[in-house]
Amino acid sequence: MANKKQMDNQALTQKQTTPPLLEMRHISKYFAGVRANHNINLQICQGEVHALLGENGAGKSTLMNILYGLYPPTAGKIYWKGQAVDIQSPKDAIALGIGMVHQHFMLIPALSVVENVVLGMNCGRQGRLNLNEAAKKIEALAKAYNMSLDPWAKVWQLSVGQQQRLEILKALYKGADLLILDEPTAVLTPQETEELFNMIRRLTEANHTVIFISHKLNEIMAICDRVSILRLGEITSTIHVCDTCQQTLARLMMGGEELSAIEKKPASLHETVLECTKLCCRNTRGLMALKDLSLSLAGGEILGIAGVDGNGQSELADAICGLLTPESGKVRINGVDMAGKSARAFLEQGVGHIPEDRHRRGVVLSMNIRENFILMNYYKAPMSHKHLLDWKLIDRLTDEAMASYQVKAPDRDALMQNLSGGNQQKIVLARELSKAPSLLIAMHPSRGLDFGATAYVHNRIIEARDRGCAVLLISTEIEEILALSDRVAVLYEGEVVGQMPAAEVKTDTLGLMMAGALRGAG
Amino acid sequence: MAMPILIAGMGFLFSERAGVVNIGAEGIMLFGALAGVVGALYLNSAWLGLLAAMLAGLLVAAIFALLTVSLHADQIVVGAGINILAAGLTTTVNRIVFGMNATPPAIPSFHVLPFPDALARISWLGEILSTIFSQNILVYLALFIAPLSQYFLFHTEIGLKIRAVGEYPKACDTVGIDVVRVRYGTILFSGLLGGAAGAYLSLGVLSFFMESMTAGRGFIALAAVVFGKYTPYGVLGAALLFGAGLSLESRLQALGTGIPYQFILMAPYILTILTLAGFVGRNKGPAASGIPYIKE
Numbered sequence: 007m008a009n010k011k012q013m014d015n016q017a018l019t020q021k022q023t024t025p026p027l028l029e030m031r032h033i034s035k036y037f038a039g040v041r042a043n044h045n046i047n048l049q050i051c052q053g054e055v056h057a058l059l060g061e062n063g064a065g066k067s068t069l070m071n072i073l074y075g076l077y078p079p080t081a082g083k084i085y086w087k088g089q090a091v092d093i094q095s096p097k098d099a100i101a102l103g104i105g106m107v108h109q110h111f112m113l114i115p116a117l118s119v120v121e122n123v124v125l126g127m128n129c130g131r132q133g134r135l136n137l138n139e140a141a142k143k144i145e146a147l148a149k150a151y152n153m154s155l156d157p158w159a160k161v162w163q164l165s166v167g168q169q170q171r172l173e174i175l176k177a178l179y180k181g182a183d184l185l186i187l188d189e190p191t192a193v194l195t196p197q198e199t200e201e202l203f204n205m206i207r208r209l210t211e212a213n214h215t216v217i218f219i220s221h222k223l224n225e226i227m228a229i230c231d232r233v234s235i236l237r238l239g240e241i242t243s244t245i246h247v248c249d250t251c252q253q254t255l256a257r258l259m260m261g262g263e264e265l266s267a268i269e270k271k272p273a274s275l276h277e278t279v280l281e282c283t284k285l286c287c288r289n290t291r292g293l294m295a296l297k298d299l300s301l302s303l304a305g306g307e308i309l310g311i312a313g314v315d316g317n318g319q320s321e322l323a324d325a326i327c328g329l330l331t332p333e334s335g336k337v338r339i340n341g342v343d344m345a346g347k348s349a350r351a352f353l354e355q356g357v358g359h360i361p362e363d364r365h366r367r368g369v370v371l372s373m374n375i376r377e378n379f380i381l382m383n384y385y386k387a388p389m390s391h392k393h394l395l396d397w398k399l400i401d402r403l404t405d406e407a408m409a410s411y412q413v414k415a416p417d418r419d420a421l422m423q424n425l426s427g428g429n430q431q432k433i434v435l436a437r438e439l440s441k442a443p444s445l446l447i448a449m450h451p452s453r454g455l456d457f458g459a460t461a462y463v464h465n466r467i468i469e470a471r472d473r474g475c476a477v478l479l480i481s482t483e484i485e486e487i488l489a490l491s492d493r494v495a496v497l498y499e500g501e502v503v504g505q506m507p508a509a510e511v512k513t514d515t516l517g518l519m520m521a522g523a524l525r526g527a528g
Numbered sequence: 439m440a441m442p443i444l445i446a447g448m449g450f451l452f453s454e455r456a457g458v459v460n461i462g463a464e465g466i467m468l469f470g471a472l473a474g475v476v477g478a479l480y481l482n483s484a485w486l487g488l489l490a491a492m493l494a495g496l497l498v499a500a501i502f503a504l505l506t507v508s509l510h511a512d513q514i515v516v517g518a519g520i521n522i523l524a525a526g527l528t529t530t531v532n533r534i535v536f537g538m539n540a541t542p543p544a545i546p547s548f549h550v551l552p553f554p555d556a557l558a559r560i561s562w563l564g565e566i567l568s569t570i571f572s573q574n575i576l577v578y579l580a581l582f583i584a585p586l587s588q589y590f591l592f593h594t595e596i597g598l599k600i601r602a603v604g605e606y607p608k609a610c611d612t613v614g615i616d617v618v619r620v621r622y623g624t625i626l627f628s629g630l631l632g633g634a635a636g637a638y639l640s641l642g643v644l645s646f647f648m649e650s651m652t653a654g655r656g657f658i659a660l661a662a663v664v665f666g667k668y669t670p671y672g673v674l675g676a677a678l679l680f681g682a683g684l685s686l687e688s689r690l691q692a693l694g695t696g697i698p699y700q701f702i703l704m705a706p707y708i709l710t711i712l713t714l715a716g717f718v719g720r721n722k723g724p725a726a727s728g729i730p731y732i733k734e
């Protein structure tokens with residue numbers, strides 16, 4: 007092992023004797039006076055996988071958007087293979103051989119794979135398209151990297167993993183030498199992530215270079231050669247991955263602050279809050295998503311629902327919030343049968359909900375913080391009297407919530423869309439917990455959040471549980487389930503295939519249950 | 439009757455595909471109709487009148503593009519503004535040029551191209567053909583638009599760019615496409631054709647300008663784009679259908695059926711509403727339709 011490390015180091019130092027593939031010198035970027043990047047120096051060597059590590063808002067994406075020509079830098083220069091270059095638009099970047107896979111895919115769902123690939127390219131045939139020829143090239147290219155992709159499929163028909171492969175292929179088709187992957191694993195299942203890593207290995211074998219933006223430490227340890235840590239818009243250090251460990255990286259990313267580990271008192275159970283009996287639900291496509299599902303959950307307890315995405319989690323959450331009417335079976339909350347009740351009746355019964363898709367269902371992006379804060383209870387006292395909103399009170403409550411939940415925003419009038427994901431989630435939490443719910447449904451509560459925000463959200467959820475709230479935690483991240491839950495249930499194809507106290511969970515058993523290969527005691 | 443809808447519809451098909459909803463279509467056609475007559479009168483040629491109409495359409499479209507694409511103004515508001523401006527300004531200019539109650543002067547217009555007499559006399563078939571082919575030259579030109587547009591939209595790089603810009607402009611930006619240029623281009627093109635469609639009404643059908651003579655045909659052209667599922671041949675079919683509705687109106691009036699004429703006048707518009715409501719239903723337009731693109 008030590009030998010391999012040394013060899014890696016030597017190989018990299020050798021690479022550094024020739025000019026690096028890419029050098030960004032003294033790059034600074036200010037948005038209306040706000041510092042996004044400050045005096046950044048970055049060297050990328052041919053053939054390496056270089057990680058950019060930092061919390062949300064640390065300036066990783068800004069730096070890469072500058073490199074890709076989407077923003078002009080306020081100051082600084084970019085050198086490509088030793089030559090100073092002026093990248094004014096993505097066109098220039100593509101011409102140099104830089105390709106970028108954005109976190110939110112830049113694909114057009116209504117068009118086919120091949121149309122998406124050739125879009126914006128100049129084939130030099132007097133502007134006529136030749137899609138057949140391009141399709142053949144795409145198939146050959148896909149084969150060379152051991153992927154399968156139907157060039158004539160429409161993009162909306164592809165899975166998320168396939169769309170990502172298409173994005174990579176699109177960049178390679180345009181002759182990319184350097185690939186920038188912006189948080190590529192955020193939307194992938196563990197299996198798809200593994201496939202992506204194999205793909206990255208194949209790319210570097212072919213002497214391509216990859217910049218890997220992430221805040222997941224285990225992934226950086228697994229796939230990257232070097233890592234540059236960004237903090238508050240500056241690169242604080244660049245180190246070889248083989249010389250470091252996750253703990254060090256975490257400390258560097260947080261700027262020396264120690265992470266407060268999650269502290270959990272043993273659960274003290276109250277009476278049963280949620281009871282589902284033989285619940286059957288259909289999903290939007292009309293297929294059975296929940297099959298005879300029975301669960302019960304007591305106040306002061308966190309029940310973690312583990313499972314691979316798409317095994318009925320969304321339907322379970324919707325059924326308990328009153329957003330989905332079950333085919334059969336019962337949902338009882340605080341002993342009340344909720345059959346046929348409206349979503350508002352569920353809210354009145356004390357259900358709080360952290361939805362899985364924050365942007366679509368958690369907040370209204372185009373409204374400001376105080377408006378989002380009252381979304382669930384604007385219609386009743388004390389927020390409104392006789393259909394008129396009491397803005398003075400709302401403002402005071404919003405300010406209090408923003409202070410106690412440490413929301414970083416200019417003021418309560420800031421639009422939701424201008425806040426970072428972590429701050430948006432804090433508003434959702436503040437709103438849902440401020441009404442002291444008896445049942446909290448938390449679905450992927452830390453999705454898309456950085457380290458600090460995740461720890462914060464987790465601690466708040468545990469606080470709620472200690473107050474006697476029943477928490478249904480639905481997550482695909484096993485670490486999250488294990489860190490928070492008192493009891494774990496595994497969901498597979500709409501059924502609970504196993505339930506056990508969190509202390510007795512073995513990771514490999516859990517993995518087998520999630521894959522449907524093992525059934526435990528129900 | 440279908441021709442002005444076809445010509446205008448084909449132009450607005452391109453801007454719609456690029457994500458621009460231009461309800462100023464009505465106003466652009468009205469400006470075109472007036473400019474065509476004025477141009478033909480002063481330049482003493484129907485063809486130069488047509489050119490003047492197209493230039494007028496281009497100019498109005500350029501104002502629309504400046505406000506909506508460059509200044510991110512709301513497309514519906516600007517379009518409505520153009521319609522109101524057109525209604526007022528064309529009336530004023532018309533009265534200045536032609537006077538209040540004077541009979542319109544003779545202006546050069548497009549005449550019906552005669553069907554060869556020898557062919558028409560052969561048999562009953564010849565007679566039918568001669569009625570069908572008694573059209574002015576613009577009709578024959580207009581019929582080429584659909585296949586040309588089809589080729590342009592689906593078989594050229596620019597066509598692909600236009601379709602992509604209407605779906606997801608930001609993604610286009612990341613592959614180096616100039617979204618603003620594409621939108622300007624399609625809007626200006628729709629202005630050219632919209633102006634020509636107006637001139638067709640004033641120079642090909644009537645030979646004079648009448649206040650508010652477009653009578654909703656700009657809106658019907660937009661409806662034809664939606665009903666035609668945003669494809670050139672679809673627009674052609676929709677234009678023929680809506681045109682038939684308009685013809686029906688004039689025929690029924692001439693026949694004197696006893697139906698109150700107000701209902702007959704409504705016929706084409708009711709047909710438009712029914713087809714849009716009944717058949718189109720869930721027809722999905724370009725995803726970024728009507729949304730200004732603001733580059734970060």
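Protein chains in written order, with my numbering: chain A, 7 to 528; chain B, 439 to 734.
The C-beta atom is built at its ideal place from N, Cα and C for all residues, glycine as well.
Per the C-alpha coordinates, the member of A:Ala57, A:Gln319, A:Ala99 positioned closest to Ile206 (chain A) is A:Ala57.
At a cut-off of 4 residues, the continuous stretches assigned as alpha helix (DSSP H) that sit fully inside the stretch 653 to 684 of chain B are 655 to 665. At a cut-off of 9 Å between beta-carbon atoms, Ala192 (chain A) makes no contact with chain B.
Its Cα nearest to that of Leu679 (chain B), the residue B:Ala705 stands out among B:Ser453, B:Ala705, B:Leu451.
For Gly633 (chain B), the enclosing alpha helix (DSSP H) has its first and last residue at 617 to 637. Under the 9 Å criterion on CB atoms, Phe111 (chain A) is classed as interfacial with respect to chain B.
Residue-level contact by beta carbon fails for Glu454 (chain B) and chain A, as no gap is shorter than 9 Å.
Around the beta carbon of Leu586 (chain B), fewer than 16 other beta carbons sit within 10 angstroms, so the residue counts as exposed. Residue nearest to Ile375 (chain A) within the set A:Ala436, A:Asn213, A:Ser234 is A:Ala436 (criterion: CA-CA distance).
No Cβ of chain B is located within less than 9 Å of the beta carbon of Pro332 (chain A). For Ser440 (chain A), the enclosing alpha helix (DSSP H) begins and ends at 427 to 440. In the three-state reduction of the DSSP assignment, Ser410 (chain A) falls in the helix class. Here Gly310 (chain A) really is in contact with Val494 (chain A); their C-beta atoms are around 5 Å apart, less than 8 Å. Look at Leu586 (chain B): its C-beta is not under 9 Å from any C-beta on chain A.
Asp315 (chain A) and Val166 (chain A) have their C-alpha atoms spaced approximately 12 Å apart. With a minimum length of 4 residues, the unbroken runs of alpha helix (DSSP H) contained wholly in the stretch 449 to 512 of chain B fall at 463 to 481, 484 to 503. Against chain B, the beta carbon of Leu135 (chain A) has neighbours under 9 Å at Phe592, His593, Thr594, Glu595, Gly597, Leu598, listed in chain order. Residues of chain A with a Cβ closer than 7 Å to the Cβ of Ile615 (chain B) are, in chain order, Gly126. Contact between the stretch 684 to 695 of chain B and the stretch 468 to 483 of chain B is absent: fewer than 3 CB-CB pairs across the two stretches fall below 8 Å. Below 8 Å, too few C-beta pairs join the stretch 575 to 585 of chain B and the stretch 513 to 522 of chain B to call them touching: fewer than three. With its beta carbon less than 9 Å from one in chain A, Thr612 (chain B) belongs to the interface. Non-local C-beta neighbours of Asp98 (chain A) in its own chain, meaning closer than 7 Å and more than five positions away in sequence, comprise Gly75, ordered along the chain.
A Cβ-Cβ separation of about 18 Å leaves Gly495 (chain B) out of contact with Val673 (chain B) under the 8 Å criterion.
Rounded to whole angstroms, the gap between the alpha carbons of Thr68 (chain A) and Leu194 (chain A) is 23 Å.
For Phe502 (chain B) and Ile697 (chain B), the gap between their C-alpha atoms comes out near 41 Å.
The beta carbon of Tyr731 (chain B) sits no closer than 9 Å to any beta carbon of chain A. By the Cβ criterion, the stretch 139 to 153 of chain A is not in contact with the stretch 635 to 646 of chain B, since fewer than three pairs of Cβ atoms, one from each stretch, lie closer than 8 Å. Excluding sequence positions up to five before and after Leu527 (chain B), its CB lies less than 6 Å from no other CB in the same chain. In this structure Val342 (chain A) is exposed. Its beta-carbon is surrounded by fewer than 16 other beta-carbon atoms within 10 angstroms. Around the C-beta of Val475 (chain B), 16 or more other C-beta atoms lie within 10 Å, and the residue is accordingly described as buried.
For Gln132 (chain A), the three-state secondary structure derived from DSSP is coil. Contact residues of the stretch 94 to 120 of chain A toward chain B are Ser95, Pro96, Lys97, Asp98, Ala99, Ile100, Ala101, Met106, His108, His110, Phe111, Met112, Leu113, Ile114, Pro115, Ala116, Leu117 (C-beta to C-beta distance below 9 Å). Per DSSP, reduced to three states, the secondary structure at His549 (chain B) is coil, with no helix or strand assignment. Between Cys282 (chain A) and the set A:Met259, A:Arg338, A:Tyr179, A:Ala323, the nearest pair of CA atoms involves A:Arg338. By the neighbour-count criterion, in which 16 or more other beta carbons inside 10 Å mark a residue as buried, Val233 (chain A) falls on the buried side. Within chain A, the residues placing a beta-carbon under 8 Å from that of Lys608 (chain B) are Met112, ordered along the chain.
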